[in-house]
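467 is the number that this note's numbering gives to position 125 of the sequence shown; each next residue is one higher, with no gaps.
Here's the structure we're looking at; comments come further down.
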Amino acid sequence: MVLEDWHTHNELCRHAEGTIQDYIKKAIEMKLDLIGISDHFPYEYLENSSLFIKEVPYQEYAMRLDEVDLYLSSIEKLKIKYDNKIHIRTAFEIDYFRSHEESLRKYFENILDKIDYVLGSVHILHGKSKLFAFDDRRFLGMYMEYESIDKIYMEYYHKLQNMINSKEFDFDVICHFDLPKKYNKRAINKQIVMDEVIKTLELAKKADLTIEINTGGLRKEIKEQYPSSEIIEKMYELDIPILFGSDCHHPNELAYKFNKMIDLVRKIGYNQLAHFDKRKRIFIQI
Ligand SMILES: [Zn+2]
Ligand SMILES: [Zn+2]
Numbered sequence: 343m344v345l346e347d348w349h350t351h352n353e354l355c356r357h358a359e360g361t362i363q364d365y366i367k368k369a370i371e372m373k374l375d376l377i378g379i380s381d382h383f384p385y386e387y388l389e390n391s392s393l394f395i396k397e398v399p400y401q402e403y404a405m406r407l408d409e410v411d412l413y414l415s416s417i418e419k420l421k422i423k424y425d426n427k428i429h430i431r432t433a434f435e436i437d438y439f440r441s442h443e444e445s446l447r448k449y450f451e452n453i454l455d456k457i458d459y460v461l462g463s464v465h466i467l468h469g470k471s472k473l474f475a476f477d478d479r480r481f482l483g484m485y486m487e488y489e490s491i492d493k494i495y496m497e498y499y500h501k502l503q504n505m506i507n508s509k510e511f512d513f514d515v516i517c518h519f520d521l522p523k524k525y526n527k528r529a530i531n532k533q534i535v536m537d538e539v540i541k542t543l544e545l546a547k548k549a550d551l552t553i554e555i556n557t558g559g560l561r562k563e564i565k566e567q568y569p570s571s572e573i574i575e576k577m578y579e580l581d582i583p584i585l586f587g588s589d590c591h592h593p594n595e596l597a598y599k600f601n602k603m604i605d606l607v608r609k610i611g612y613n614q615l616a617h618f619d620k621r622k623r624i625f626i627q628i
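Pasting the structure below:
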């Protein structure tokens, strides 16, 4: 059985524990075949924009821009050091902001040749009064500013749709597809939200994107992977490729509950997982 974890963090992002090497060593100990180093891309490029990124504690969400080179060169060195022990891939998890694709590209195009894949995420909504980091516990009070949780889901899926449709934002994998449920906040009008989910999945299929099965949700209040089994079934019907990510912020969370997830996706019908190398996707059998 091939075990690959495509979504991992490390201490550079300031809210995870352990060095990149700690994660690699743990992955080898656990006999993983591959570890994708995919820490959060910096938010500083948004500092001089109209977005008021200062409304969220973005310094605690990611490495600094001047640490990007160190991040990339560390991974290169570790790839050589552990060459015969494990496959290592280089990636970033990037938060998508529609109005700032161009400034992102300016920073990103210089390093693109070193990247094996890009995780596309939405963690921050525009909010009612100010930016809303809806997956940060400190912003839980802001859920009340919306008429209902469904409005948060709608804003979230619209943002995912913009990310998928973007001609500028070049990414490979959609992360934690139903993240607004994190704090056990389920949709009220399930049908309205599900319609938006389907619309988003159809766009993802058209754009030939991969969707991550993220086991981070199993460690949160919702106690369920992202996305739900119901959504994974729709993904299977649409023939959308998947891969696994633990979203670990501690080495002990690597490949978290992957065996359980393999059983789940097999039961739904999947028999292969996506795999990336230098932005090229192939498939491995499960
Ligand atoms: Zn994180
Ligand atoms: Zn994330």
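Yeah, the Cβ is synthetic: ideal placement off N, Cα and C, and Gly gets one too.
Small disclaimer: the values here were computed from a predicted structure and weren't measured.
By alpha-carbon positions, which one of S415, D437 and V398 ends up nearest to R479? Against the sequence shown, residue 479 aligns to sequence position 137. The option with the nearest alpha carbon to R479 is V398.
Straight-line CA distance for E487 to G469? Indexing the sequence shown from 1 puts residue 487 at position 145. Indexing the sequence shown from 1 puts residue 469 at position 127. Distance between the alpha carbons of E487 and G469: 8 Å.
Let's see if you can read the secondary structure: which residues bound the beta strand (DSSP E) around V460? Counting from one through the sequence shown, the residue named residue 460 turns up at place 118. V460 -> beta strand (DSSP E) spans Y459 to S463.
DSSP three-state assignment for H617, whether helix, strand or coil: Against the sequence shown, residue 617 aligns to sequence position 275. DSSP places H617 in the strand class (E or B) of the three-state scheme.
Grab me the residues of I530's own chain with a C-beta within less than 8 Å of its C-beta, minus the 5 sequence neighbours each way, in chain order. Within the sequence shown, numbered from 1, the residue matching residue 530 stands at position 188. Closer than 8 Å at the Cβ level, and outside the excluded window around I530, lie S490, I491 and D492.
Between E386, I430, N390 and K423, which has its C-alpha nearest M410's C-alpha? The sequence position of residue 410 within the sequence shown is 68, counting from 1. According to the sequence provided, residue 410 is Val. The question's Met does not apply to it. Answer by Cα proximity: E386.
Buried or exposed: A549, going by 16 or more other Cβ atoms within 10 Å of its Cβ? For the purposes of this step, residue 549 is taken as the residue at position 207 of the sequence shown. Answer is exposed; the Cβ neighbour count stays below 16.
Quick one, are the C-beta atoms of D375 and C355 less than 8 Å apart? Walking along the sequence shown from the start, residue 375 turns up at place 33. Walking along the sequence shown from the start, residue 355 turns up at place 13. Taking 8 Å as the Cβ cut-off, D375 and C355 do not qualify as a contacting pair.
Roughly how many angstroms lie between the CA atoms of E435 and K419, to the nearest whole one? Against the sequence shown, residue 435 aligns to sequence position 93. Against the sequence shown, residue 419 aligns to sequence position 77. Their Cα atoms are separated by approximately 21 Å.
Can you confirm whether the stretch 493-513 touches the stretch 558-566 when touching is taken to mean that 3 or more C-beta pairs between the two stretches lie within less than 8 Å? No, because fewer than three Cβ pairs between the stretch 558-566 and the stretch 493-513 fall closer than 8 Å, the two stretches do not touch.
Same chain, Cβ closer than 8 Å to Q503, neighbours up to 5 away in sequence not counted: As a position in the sequence shown, residue 503 is number 161, starting the count at 1. Counting only Cβ-Cβ distances below 8 Å, and skipping sequence neighbours, we find K541, T542 and L545.
Roughly how many whole angstroms lie between the Cα atoms of M484 and D589? Taking the first residue of the sequence shown as position 1, residue 484 is located at position 142. Taking the first residue of the sequence shown as position 1, residue 589 is located at position 247. Spanning the alpha carbons of M484 and D589 requires a straight line of approximately 24 Å.
Delimiting residues of the beta strand (DSSP E) encompassing H429: The residue you call residue 429 lines up with position 87 of the sequence shown. For H429, the enclosing beta strand (DSSP E) has its first and last residue at H429 to D437.
A358 versus L345 - alpha carbon distance: Taking the sequence shown and counting its residues from 1, the one referred to as residue 358 is at position 16. Taking the sequence shown and counting its residues from 1, the one referred to as residue 345 is at position 3. Going by the C-alpha atoms only, they are around 22 Å apart.
What are the partner residues of V296, as DSSP defines its beta bridges? Because the chain spans 343 through 628 in this model, residue 296 falls outside it and cannot be assessed.
So, are the CB atoms of L414 and T432 less than 8 Å apart? Here residue 414 refers to the residue found at position 72 of the sequence shown. Here residue 432 refers to the residue found at position 90 of the sequence shown. Yes, the Cβ-Cβ distance between L414 and T432 is below 8 Å.
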